[in-house]
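Everything on this sheet refers to the single structure shown next.
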Amino acid sequence: MAPNEPQIEVLFSSADIVKRNAELAEQIEQDMGSDILVIAVLKGSFVFAADLIRSLHHAGVRPQIDFMALSSYGDKQISSGTVVITRDIVDTVKGRKVLLIDDILESGRTMQFAANDLMDRGAQMVKTCLMLDKKGKRIVDFEADFVGFDCPDLFVIGYGLDYAHYYRELPYIGHIVKE
Ligand code: IMP
Ligand code: MG
């Protein structure tokens, strides 16, 4: 059953996000040029990616878009959790400049795995763009190339991020103060 309306503290408003996406798009265009392959990691990044590609368009980028889904298996508490591809891309990455987009960087395992995997498949370069970065939670040695916002060590929802598969539709990023 759908949850009752919880009390949510807004961390990053719609206006904050719109402004930041435009800045990110400019940075990406300067760094990668206009001919890129965007790969959005499902499900969490679909809202961010949908907005960012339109900001990229305004910045002069003409991206192709593909999607992949990744899953971390094993006990999340143990640092040996491995990542598997549950839905692969359709496009070929060979020789391409790839921009890998995800919602939030925590342990860094998901992004490290995906970036290495795409390089192994012959991508010319793989750069990563994360909407949020929870720096305090890093387990592996990995840093993103482009980051929307530094995220406090709170469980956040909205703008694609879920709690028990709900709240992805919220037009802002927040955290639940009271359920
Ligand atoms: P990691 O960097 O491999 O640990 O991957 C982090 C993944 O865990 C993200 O892609 C999200 O799907 C999920 N996640 C981490 N923190 C949050 C949060 O605060 N809210 C919602 N999902 C989260
Ligand atoms: Mg995810």
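For the sequence shown, our numbering gives the first residue as 28, with consecutive numbering after it. Where a beta carbon is used, it is the ideal one built from N, C-alpha and C, also for glycine.
Let me check you understand the geometry: is the CB of residue 184 closer than 8 Å to at least one non-hydrogen atom of the ligand IMP?
As a first step, residue 184 must be located in the sequence shown, where it is residue number 157. The answer is yes for residue 184.
Taking 8 Å as the cut-off, does the CB of residue 136 come closer than this to any heavy atom belonging to the ligand IMP?
Within the sequence shown, residue 136 is the residue found at index 109, counting from 1. Checking the Cβ of residue 136 against the ligand IMP gives yes.
Restricting to runs no shorter than 3 residues, where is the beta strand (DSSP E) found entirely within the stretch 50 to 118?
DSSP runs (the beta strand (DSSP E)) wholly in the stretch 50 to 118: 64 to 69, 91 to 100 and 109 to 114.
Should residue 168 be counted as a contact of the ligand IMP given a C-beta to heavy atom distance under 8 Å?
Indexing the sequence shown from 1 puts residue 168 at position 141. No, Cβ of residue 168 sits at least 8 Å from all heavy atoms of the ligand IMP.
N- and C-terminal bounds of the beta strand (DSSP E) containing residue 34:
As a first step, residue 34 is located in the sequence shown; it is residue number 7 there, counting from the start. DSSP places residue 34 inside the beta strand (DSSP E), whose first and last residues are 34 to 39.
With respect to the beta strand (DSSP E) encompassing residue 157, which residues constitute its N-terminal and C-terminal limits?
Your numbering for residue 157 matches position 130 in the sequence shown. Looking at the DSSP string, the run of the beta strand (DSSP E) that includes residue 157 is 152 to 160.
Do we get a CB-CB distance below 9 Å when we pair residue 174 with the residues of chain B?
The structure shown has no chain B; it contains just one protein chain.
Residue 126 and residue 65 closer than 9 Å at C-beta:
Within the sequence shown, numbered from 1, the residue matching residue 126 stands at position 99. Within the sequence shown, numbered from 1, the residue matching residue 65 stands at position 38. Yes, the pair counts as a contact, with Cβ atoms nearer than the cut-off.
Beta strand (DSSP E) runs wholly inside the stretch 121 to 156, at least 3 long, in chain order:
124 to 132
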